[in-house]
Every structure is written in structure tokens, then in C-alpha cells.
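Enquirer: Chains as they are written, first to last, in this note's numbering: chain V, 10 to 104; chain A, 10 to 104.
Cβ atoms here follow ideal geometry from the backbone N, Cα and C, with glycine treated the same way.
As the structure is a computational prediction, the values presented were derived from the model and not from experiment.
Take a look at this one; I'll ask things after.
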DNA sequence: CATATGATTGGCTATTTGGCAAAATAGTAA
DNA sequence: TTACTATTTTGCCAAATAGCCAATCATATG
């Protein structure tokens with residue numbers, strides 16, 4: 010295993026940063042089982058749709074989710090389920 | 010498994026946010042094998058000691074590290090090695 | 001006591017972020 | 001085309017963040 014460079018850590022941090030928000034964790038968890046359209050995510054989250062859309066594009070840029078269009082609807086799906094394990098590991102810290 | 014609440018996600022996000030910085034990832038990784046004093050971490054990181062100290066107190070508040078004093082030196086150690094697995098999972102995303 | 005060393009805290013500035021609302025875009029349907 | 005729906009983008013602003021420097025704290029030693 011080679012030593013990690015500053016760039017490695019920066020890349021890692023940018024992905025982690027994408028997850029570092031309650032709403033985005035909720036979104037990622039909701040996408041665990043099935044793909045969901047933005048309007049349904051808006052209802053789940055309870056924020057303005059534009060806000061949810063911003064969170065989604067942030068997650069998309071991080072490579073964590075992708076979208077599939079079906080008529081007017083964009084269905085988002087989780088690309089990297091492994092990040093939820095990470096999130097669960099963090100959730101277990103309270104012990 | 011019960012449904013996660015907003016508070017659950019907020020707590021989780023605050024820990025993840027603590028990790029979401031290149032310098033802090035470097036620090037956490039450096040502490041994987043052994044405890045390290047602040048002055049050595051400063052050399053590893055290359056930033057001002059006050060900056061490193063702030064990163065450390067942030068990690069401490071998140072419950073990820075703890076310090077042990079030995080004379081003038083404060084030795085930090087990793088409390089939650091599991092978070093590094095998470096970080097490695099994220100690092101593997103580039104495939 | 002004074003001084004030196006390691007570490008933290010406070011102050012400051014520049015940058016980033018999250019949220020809403022309005023405007024713009026993409027697709028559907030008449 | 002027009003109208004309608006779903007989504008994204010832009011603009012704006014308040015709040016949080018990162019970094020350095022200076023000041024302060026904590027401990028050790030003369």
C-alpha cells in the first residue's frame with residue numbers, strides 16, 4: 010500500500026464532504042432500496058425543491074448518485090452503496 | 010431496524026463533517042498506528058501549529074480522537090479506527 | 001521567581017455553504 | 001404554437017469554515 014498524497018486526501022475529502030449533511034444522508038439512505046424522483050425526495054426531505062435539487066447535483070458531482078429521465082421525472086439512484094456502510098459505522102459511534 | 014430521525018442524520022453528519030477535510034483525513038490516517046504529538050502532526054501536515062490544533066479540537070469534539078499529556082507534549086490517539094474503513098471505502102470510488 | 005517550549009484560543013479576512021425565491025430549462029400534451 | 005409540469009440554475013444573503021498571526025495558557029526547568 011503506497012503512501013497517500015495530499016491529492017488523495019483531497020479527493021477523499023471531497024466525497025466525504027458531499028455526504029456531510031443531514032439532508033444528503035437522508036437522500037442517500039432513501040435511495041438504498043430503489044430509485045426515487047426529485048419530487049418524492051422533496052416530500053421526504055421537506056425543503057424547497059430547488060434546495061433538494063442542489064443537494065442532488067452535489068451528490069452527483071461527487072459520483073455518489075446518478076439520474077435517469079422518464080418523461081418529466083428524473084429518477085435518482087445510488088451509485089455507491091458502500092458509502093452507507095461508512096455512514097452506519099459513523100452512526101455507531103455513540104457506544 | 011427503526012427509521013432514522015432527522016436528529017440521527019444530524020448527529021451522523023456532524024461526525025462525517027469532522028472528517029471532511031484533507032488535513033483531518035491525513036491526521037486520522039497518521040494516528041492509525043500510534044499516537045502522535047501535535048508538533049509532529051504539524052510537521053506532517055505542514056500548516057501552522059494553531060491550524061493543526063484547531064483541526065485536532067474539531068476531531069476531538071466529534072469523538073474521533075483523544076489526547077494524553079506527557080510533560081509539555083500532547084499525544085493524540087485515534088478513538089474510532091472504524092472511520093478509516095469508511096474513508097477507504099470512499100477512496101475506492103474512483104473505479 | 002523568570003524563562004523556554006508545546007499547545008490552545010481569539011481576532012481577522014477570505015472563501016464556502018445552505019436556503020429560499022425567481023428565472024430558466026427540459027420534456028409532455030393539447 | 002401554447003400551456004403545463006418537473007427540474008435546474010441564478011441571485012442573494014446569512015452563517016459557517018480555514019488559515020495565519022498574536023496573545024494566552026500549561027508545563028518544565030533554571
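What's the gap between the Cα of residue 18 of chain A and the Cα of residue 84 of chain V?
Expert: Taking the straight line joining both Cα atoms gives about 23 Å.
Enquirer: Assign residue 28 of chain V to buried or exposed, taking buried as 16 or more other Cβ atoms, counted over all protein chains shown, within 10 Å of its Cβ.
Expert: Label assigned to residue 28 of chain V: buried.
Enquirer: Step through the CB atoms of chain V and report whether any lies within less than 8 Å of the CB of residue 84 of chain A.
Expert: No, because no Cβ of chain V sits closer than 8 Å to the Cβ of residue 84 of chain A.
Enquirer: Along chain V, which residues have their Cβ under 9 Å away from the Cβ of residue 92 of chain A?
Expert: Chain V residues near residue 92 of chain A: 95, 98, 99 and 102.
Enquirer: Any residues in the region 35-69 of chain A with a beta carbon nearer than 8 Å to a beta carbon of chain V? Which ones, in chain order?
Expert: Per Cβ criterion, the list reads 35 and 38.
Enquirer: With a threshold of 8 Å on Cβ separation, who are the neighbours of residue 89 of chain A within its own chain once the five nearest residues in sequence on each side are excluded?
Expert: 72 and 73.
Enquirer: To which residues does DSSP link residue 83 of chain V through a beta bridge?
Expert: Answer is V:78, bridged to residue 83 of chain V.
Enquirer: If we ignore side chains and look at the alpha-carbon of each, how far apart do residue 52 of chain V and residue 46 of chain V end up?
Expert: Answer to the nearest angstrom: the Cα atoms are 10 Å apart.
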